[in-house]
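Engineer:
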Amino acid sequence: MAQPTPFAPADCPDPLVIGGRRFRSRLMTGTGKYPSLAAMQASLEASDCDIVTVAVRRVQSLAAGHEGLMEAIDWQRIWMLPNTAGCATAEEAIRVARLGRELAKLAGQEDNSFVKLEVIPDSRHLLPDPIGTLEAAEQLVKEGFTVLPYINADPLLAKRLEDVGCATVMPLGSPIGSGQGIRNAANIALIIENANVPVVVDAGIGVPSEAAQAMEMGADALLINSAIALAGDPPAMARAMALAWQAGRTALQAGRLPVRAEASPSSPVQGRIGT
Numbered sequence: 020m021a022q023p024t025p026f027a028p029a030d031c032p033d034p035l036v037i038g039g040r041r042f043r044s045r046l047m048t049g050t051g052k053y054p055s056l057a058a059m060q061a062s063l064e065a066s067d068c069d070i071v072t073v074a075v076r077r078v079q080s081l082a083a084g085h086e087g088l089m090e091a092i093d094w095q096r097i098w099m100l101p102n103t104a105g106c107a108t109a110e111e112a113i114r115v116a117r118l119g120r121e122l123a124k125l126a127g128q129e130d131n132s133f134v135k136l137e138v139i140p141d142s143r144h145l146l147p148d149p150i151g152t153l154e155a156a157e158q159l160v161k162e163g164f165t166v167l168p169y170i171n172a173d174p175l176l177a178k179r180l181e182d183v184g185c186a187t188v189m190p191l192g193s194p195i196g197s198g199q200g201i202r203n204a205a206n207i208a209l210i211i212e213n214a215n216v217p218v219v220v221d222a223g224i225g226v227p228s229e230a231a232q233a234m235e236m237g238a239d240a241l242l243i244n245s246a247i248a249l250a251g252d253p254p255a256m257a258r259a260m261a262l263a264w265q266a267g268r269t270a271l272q273a274g275r276l277p278v279r280a281e282a283s284p285s286s287p288v289q290g291r292i293g294t
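Just so we're aligned, residue 20 is where the sequence shown starts under the working numbering, counting upward by one.
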């Protein structure tokens, strides 16, 4: 099978670079929770995303909603991000990451070493285990993986993961699938300020305004699944999220006006009647 074509051409003015690979879009999406494969396909197209995360365990076990998923996605156009969802320990996550690399090869992406690392022992709140995540990340980096770890918005952990060689850090905005928005803004801002790798805000974003907010804060990219898949019209929401990341990124680069304690007139005082 032919290798995927480059996702960001050489003349792309503002590429997202992860593990030396360039991408046009700063919106990553997922494959779970859609009402149908057709809705997922239409949403991926509308999002114009370059990266899609795939739950290795669910694909292998043909879990509900994942039958035919591998065949439903054009892997010549979409870069696969295998994830270790469902893993409660570092050991499980390492094993599933290895399976994910083989899954990418089966899709024709022979040089794909990406893995979204999730170590989540808490089935109620779905909060990632910081110790297990760091342990798994250290091992996977040694094995040559391009590791994208999903974490709480912990600036110290983010720096440790960067130091061991992770390609990004992925702090949660709020709990997975909650739609609560950016509840950890102060800590995410600290992570962004101190990071030398891309910061991807993952989990909790519910509407496009929250996606734009994360990008305005300086996040390099977003991963959004539930907000798209569970929307009344998933493709329309996917398109809205694509516009939102672009608006937020453009606003960040443009530079906002200073915040003032008092009003400042937009018209000059000179020339008013009576002056």
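Where a beta carbon is used, it is the ideal one built from N, C-alpha and C, also for glycine.
Here's the rule I'm using: 16 or more other beta-carbon atoms within 10 Å means buried, otherwise exposed. How should Thr72 be labelled?
Structural biologist: In the sequence shown, counting from the first residue as 1, residue 72 sits at position 53. Buried: at least 16 other Cβ atoms inside 10 Å.
Engineer: Starting from the C-beta of Trp94, find all residues in its chain whose C-beta is less than 6 Å away, skip the five residues before and the five after it, and write them out in chain order.
Structural biologist: The residue given as residue 94 occupies position 75 in the sequence shown. Here the set comprises Ala126 and Gly127.
Engineer: Find the nearest neighbour of Ala238 within the set Asn206, Ala257 and Leu100, judged by alpha-carbon distance.
Structural biologist: For the purposes of this step, residue 238 is taken as residue 219 along the sequence shown, with counting starting at 1. Minimum Cα distance to Ala238 is reached at Asn206.
Engineer: Exposed or buried, Cys185, counting other C-beta atoms within 10 Å across all chains shown (16 or more means buried)?
Structural biologist: Residue numbering aside, residue 185 sits at position 166 when the sequence shown is read from its first letter. Burial call: buried.
Engineer: Does the beta-carbon of Ser80 have 16 or more other beta-carbons within 10 angstroms, so that it is buried, or is it exposed?
Structural biologist: Here residue 80 corresponds to residue number 61 of the sequence shown, with the count starting at 1. Any answer about Ser80 is weak, because its pLDDT of 47 lies below 50 and its placement is not dependable; what the coordinates show is given next. Counting Cβ neighbours within 10 Å, Ser80 comes out exposed, since fewer than 16 surround it.
Engineer: Report all residues from its chain with a CB closer than 8 Å to the CB of Met234; omit the five preceding and five following residues, and keep chain order.
Structural biologist: To locate residue 234, count along the sequence shown from 1; it is residue 215. Cβ within range, chain order: Arg45, Leu241, Ala263, Trp264, Ala266, Gly267, Arg268, Ala270 and Leu271.
Engineer: Determine which residues share a DSSP beta bridge with Pro101 and list them.
Structural biologist: Locating residue 101 in the sequence shown gives position 82, counting from the first residue. Beta-bridge pairing links Pro101 to Val73.
Engineer: Tell me the rounded alpha-carbon separation between Pro54 and Ala248.
Structural biologist: On the sequence shown, residue 54 is found 35 positions in, with the first residue counted as 1. On the sequence shown, residue 248 is found 229 positions in, with the first residue counted as 1. Approximately 7 Å, taken between the alpha carbons.
Engineer: If Arg41 sits next to Pro34, beta carbons under 8 Å apart, how far is it from one beta carbon to the other, in whole angstroms?
Structural biologist: For the purposes of this step, residue 41 is taken as the residue at position 22 of the sequence shown. For the purposes of this step, residue 34 is taken as the residue at position 15 of the sequence shown. Confirmed, Cβ separation roughly 4 Å.
Engineer: I'd like to confirm the pairing. Which residues does DSSP put opposite Ile170 in its beta bridges?
Structural biologist: Working through the sequence shown from its first residue, we reach residue 170 at position 151. Ile170 pairs with Pro190.
Engineer: What's the C-alpha gap between Ala112 and Trp98?
Structural biologist: Along the sequence shown, read from residue 1 onward, the residue named residue 112 stands at position 93. Along the sequence shown, read from residue 1 onward, the residue named residue 98 stands at position 79. Ala112 and Trp98: Cα-Cα distance of roughly 20 Å.
Engineer: How would you label Ile195, buried or exposed, when you count the other beta carbons within 10 angstroms and need 16 or more for buried?
Structural biologist: On the sequence shown, position 176 is the one that residue 195 refers to. Ile195 should be labelled buried.
Engineer: How big is the Cα-Cα spacing for Met260 and Ala230?
Structural biologist: Translated into positions along the sequence shown, residue 260 becomes position 241. Translated into positions along the sequence shown, residue 230 becomes position 211. Going by the C-alpha atoms only, they are around 7 Å apart.
Engineer: Drop a sphere of 10 angstroms on the beta-carbon of Gly39, count the other beta-carbons inside from all chains shown, and report buried for 16 or more, exposed for fewer.
Structural biologist: Position 20 of the sequence shown holds residue 39. Flag for Gly39 reads exposed.
Engineer: In terms of residues, what are the limits of the alpha helix (DSSP H) holding Ala240?
Structural biologist: For the purposes of this step, residue 240 is taken as residue 221 along the sequence shown, with counting starting at 1. From DSSP, Ala240 is part of no alpha helix (DSSP H) but of the beta strand (DSSP E) over Ala240 to Ile243.
Engineer: With Val115 as the anchor, note down where its beta strand (DSSP E) starts and where it stops.
Structural biologist: Stepping through the sequence shown from its first residue, residue 115 is reached at position 96. Counting along the chain, Val115 falls outside any beta strand (DSSP E), though it belongs to the alpha helix (DSSP H) covering Ala109 to Leu125.
Engineer: Taking the straight line between their C-alpha atoms, what separation do you get for Ala250 and Leu56?
Structural biologist: Numbered from 1 along the sequence shown, position 231 holds the residue referred to as residue 250. Numbered from 1 along the sequence shown, position 37 holds the residue referred to as residue 56. Their backbone Cα atoms lie some 15 Å apart in a straight line.
Engineer: Could you have a look at Val160 and say whether DSSP puts it in helix, strand or coil?
Structural biologist: As a working mapping, residue 160 is identified with position 141 in the sequence shown. Here Val160 sits in helix by DSSP.
Engineer: The alpha helix (DSSP H) that contains Ile37, what's its start and end?
Structural biologist: In the sequence shown, residue 37 corresponds to position 18, counting from 1. Not the alpha helix (DSSP H): Ile37 falls in the beta strand (DSSP E), residues Leu35 to Ile37.
Engineer: Kindly give me the distance between the Cβ atoms of Pro140 and Ile170, rounded to whole angstroms, as I take these residues to be in contact under 8 Å.
Structural biologist: What you label residue 140 is simply residue 121 of the sequence shown in a count that begins at 1. What you label residue 170 is simply residue 151 of the sequence shown in a count that begins at 1. No, Pro140 and Ile170 are not in contact; Cβ-Cβ is about 14 Å, not under 8 Å.
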